[in-house]
Amino acid sequence: MTDPLESAEISEKPDTQRQRFVLDETGFDEVPKRFRKFYRKWRGPGDSLAANEVICPVCKVVIRSTRELRPGDRIYCMPCMSRLIVVMGETGMLEALVAY
Amino acid sequence: MKSKESGSAAVEVHDLDPQEFLEQVHSFEFWFEAVEGYLSGLTFGFRPDTVDITLPDLDRDRLITVLCNYCVGETAALEGASGLIAIAPNRMAKIFLSTQVVDEGRHLEVLLHRLRMLGVADPEAEMERRANRSLQLFKRRLLELVSSKDWEAAIFAQNVILEALEFTVFQNHARDADPITREVLLGIVKDERRHIGFGENELGRRLKTAPHIRARLGQVKKELDHLVLDTLEETMKELNVDAGEREKLGRSYLEAAARLGLQP
Chain A
1 MTDPLESAEI SEKPDTQRQR FVLDETGFDE VPKRFRKFYR KWRGPGDSLA ANEVICPVCK
61 VVIRSTRELR PGDRIYCMPC MSRLIVVMGE TGMLEALVAY
Chain B
101 MKSKESGSAA VEVHDLDPQE FLEQVHSFEF WFEAVEGYLS GLTFGFRPDT VDITLPDLDR
161 DRLITVLCNY CVGETAALEG ASGLIAIAPN RMAKIFLSTQ VVDEGRHLEV LLHRLRMLGV
221 ADPEAEMERR ANRSLQLFKR RLLELVSSKD WEAAIFAQNV ILEALEFTVF QNHARDADPI
281 TREVLLGIVK DERRHIGFGE NELGRRLKTA PHIRARLGQV KKELDHLVLD TLEETMKELN
341 VDAGEREKLG RSYLEAAARL GLQP
């Protein structure tokens with residue numbers, strides 16, 4: 001088991017260059033109200049991830065941010081209580097690894 | 101779904117301090133506000149206006165067998181989680197487990213209620229009669245680990261193995277279930293998300309500071325693997341899930357074990 005915090009490639013792009021997002025409610029209801037817009041259900045084949053979204057490897061919920069995500073970002077999956085780090089996957093898509 | 105921000109300062113959950121995040125998600129307050137979102141307005145796990153359908157006799161009988169086994173699993177988790185509170189290593193884990201005990205008690209109650217709705221006069225006697233042998237053995241072994249005060253092994257057996265099995269099976273079953281069973285199961289799955297996450301993260305943190313524990317967990321996994329996979333296989337057969345899909349479902353708990361560095 002390698003620690004993703006030690007192996008992740010960190011984004012060198014300044015924060016000001018990142019696309020920003022306003023998050024709307026998604027109907028997700030498994031966390032307290034004030035946090036619900038940060039999560040949504042994966043809708044299966046045909047669904048896709050935006051630049052501010054990544055799938056939680058533990059519980060498969062889509063995690064959302066107000067910022068475009070970059071490798072090295074630390075994010076939280078509240079529905080399954082996981083701390084995660086964003087990495088570039090082998091397919092060239094952003095993925096999340098659990099940072100215990 | 102999303103649009104570019106127009107300058108307003110949005111609160112970003114991911115900016116929380118890591119310790120603050122852990123305090124928050126392990127709290128009773130967090131649990132209460134979370135379950136309020138999906139349980140309010142439900143009675144015994146389903147909306148009062150959901151229409152029950154009459155199942156053909158064979159389907160009804162198979163559903164009763166499956167629900168009896170779910171009740172065995174939930175009873176194991178209820179007894180296991182409540183026993184684990186005493187040996188939990190810190191306050192956050194104790195409080196989280198107290199919320200899990202409430203969840204498991206609710207699961208058992210709604211499943212027993214569904215069995216009564218299906219015409220089972222004495223669901224607890226029926227549970228005894230129909231319970232899968234592998235699942236009963238798993239339950240016995242889990243409770244032995246709890247009573248021997250083996251925190252890591254018991255959390256692994258309960259919150260990684262058993263909860264992952266339930267999470268996977270209930271999600272799959274809900275897809276083709278009758279409307280009431282579907283609502284009951286989907287409500288349970290929402291609780292299970294917290295339980296599997298707690299188990300994996302708790303063990304992940306322990307293994308980081310005490311990697312020698314991994315070998316012992318590997319032994320527990322080896323001992324329990326066949327019981328879990330037998331139970332999954334038998335339940336999926338009752339639900340008419342084809343062999344290919346059954347194999348895929350078996351992988352989900354193995355993925356969690358692999359993330360913890362426990363090889364197949």
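As you go down the protein sequences, you meet chains A and B in turn.
Each residue of the first sequence is one higher than the one before, starting from 1 at the first, in the working numbering.
Each residue of the second sequence is one higher than the one before, starting from 101 at the first, in the working numbering.
Ideal Cβ placement from N, Cα and C applies to all residues, glycine included.
No experiment lies behind these values; they were computed from the predicted model shown.
Identified DSSP bridge partners for residue i
i, result
"A/Ser82", "A/Cys77"
"B/Ala356", "DSSP output for B/Ala356 lists no bridge partner at all."
"A/Thr66", "DSSP lists no partner for A/Thr66."
"A/Glu53", "A/Arg64"
"A/Tyr39", "A/Ile63"
"A/Ala96", "A/Val86"
Proximity below 8 Å, CB of residue i to CB of residue j
i, j, result
"A/Leu69", "A/Val86", "yes"
"A/Val54", "A/Leu23", "no"
"B/Leu218", "B/Leu163", "yes"
"B/Leu327", "B/Ser234", "yes"
"B/Gly145", "B/Gly287", "yes"
"B/Glu296", "B/Arg306", "The sequence shown places Ile at residue 296 of chain B, rather than the Glu named in the question. Going by C-beta atoms, B/Ile296 is not nearer than 8 Å to B/Arg306."
"B/Ala264", "B/Tyr353", "yes"
"A/Arg64", "A/Arg40", "yes"
"B/Gly299", "B/Val269", "no"
"B/Ile195", "B/His273", "no"
"B/Phe267", "B/Val320", "no"
"A/Glu90", "B/Ala134", "no"
"B/Leu237", "B/Gln258", "no"
"B/Gly361", "B/Leu332", "no"
"B/Phe128", "A/Tyr76", "no"
"B/Val365", "A/Phe35", "Here chain B comprises residues numbered 101 to 364, so residue 365 of chain B is not present and cannot be evaluated."
"B/Leu262", "B/Ala356", "no"
"A/Gly82", "A/Val62", "The displayed chain sequence assigns Ser, not Gly, to residue 82 of chain A. No, these two residues do not count as a Cβ contact at 8 Å."
"B/Glu334", "B/Asn190", "no"
"B/Leu212", "B/Leu178", "no"
"B/Asp278", "B/Leu155", "yes"
"B/Ala225", "B/Gln200", "no"
"A/Tyr100", "B/Lys308", "yes"
"A/Gln17", "A/Ala51", "no"
Per-residue contacts from residue i into chain A (C-beta, under 7 Å)
i, result
"B/His326", "Near B/His326 there are no residues of chain A at all, since even the closest Cβ is about 24 Å away, more than 7 Å."
"B/Ala134", "Glu30, Val31 and Pro32"
"B/Val125", "Met78 and Met81"
"B/Phe130", "Pro32"
"B/Lys239", "Within 7 Å Cβ-Cβ: nothing; B/Lys239 doesn't reach chain A, min ~24 Å."
Listed by chain order, chain A residues near residue i by CB distance under 8 Å
i, result
"B/Gly137", "Asp29, Glu30, Val31, Pro32, Lys33 and Arg36"
"B/Phe256", "Here the premise fails: no neighbours, minimum Cβ distance about 14 Å."
"B/Ala277", "Within chain A, no residue comes near B/Ala277; the closest Cβ sits about 18 Å away, beyond 8 Å."
"B/Ile313", "In chain order: nothing, as chain A lies at least about 12 Å away."
"B/Arg294", "Pro79, Cys80 and Met81"
Integer-rounded CB distance, given that residue j should sit under 8 Å from residue i
i, j, result
"B/Gln150", "B/Glu244", "The sequence given here has Thr at residue 150 of chain B, not Gln. With a Cβ gap of about 40 Å, B/Thr150 and B/Glu244 do not count as contacting."
"A/Thr26", "A/Lys33", "About 13 Å separates the two Cβ atoms, so there is no contact after all."
"B/Ala173", "A/Val98", "A small fix is needed here, since residue 173 of chain B is Gly in this sequence, not Ala. Not really, about 25 Å apart at Cβ, beyond 8 Å."
"B/Val246", "B/Leu184", "6 Å"
"B/Lys249", "B/Ile187", "5 Å"
"B/Arg216", "B/Pro223", "6 Å"
"B/Asp152", "B/Asp291", "The pair is not a contact, with the Cβ atoms about 23 Å apart (cut-off 8 Å)."
"B/Ile280", "B/Arg206", "Not really, about 16 Å apart at Cβ, beyond 8 Å."
"B/Glu302", "B/Ala193", "6 Å"
"B/Arg294", "A/Cys80", "6 Å"
Contact set between residue i and chain A, taken where Cβ atoms lie within less than 9 Å
i, result
"B/Lys322", "In chain order: nothing, as chain A lies at least about 18 Å away."
"B/Lys290", "Asp29, Glu30 and Pro79"
"B/Phe298", "Cys80 and Met81"
Contacts of residue i in chain B (Cβ-Cβ under 7 Å)
i, result
"A/Ile75", "His114"
"A/Val62", "Correct list: empty, because the minimum Cβ distance to chain B is about 10 Å."
Contact list for residue i against chain B, beta-carbon separation under 9 Å
i, result
"A/Arg83", "Pro118, Phe121, Leu122 and Asn301"
"A/Ser65", "Glu112, Val113 and His114"
Neighbour list for residue i in chain B, Cβ cutoff strictly below 8 Å
i, result
"A/Val98", "Glu300, Asn301, Gly304 and Arg359"
"A/Val54", "Here the premise fails: no neighbours, minimum Cβ distance about 11 Å."
Residue i at chain D interface by Cβ criterion, 8 Å
i, result
"A/Val58", "Protein chains in the displayed structure are A and B, and chain D is not among them."
Unbroken beta strand (DSSP E) runs of length 3 or more, entirely within the region 244-292 of chain B: which are they? none
What ranges does the alpha helix (DSSP H) occupy inside the region 211-239 of chain B, keeping only unbroken runs of at least 4 residues that lie completely in it? 223-230
Within the region 106-145 of chain B, ranges of the alpha helix (DSSP H) (whole runs, at least 4 residues): 118-125 and 128-139
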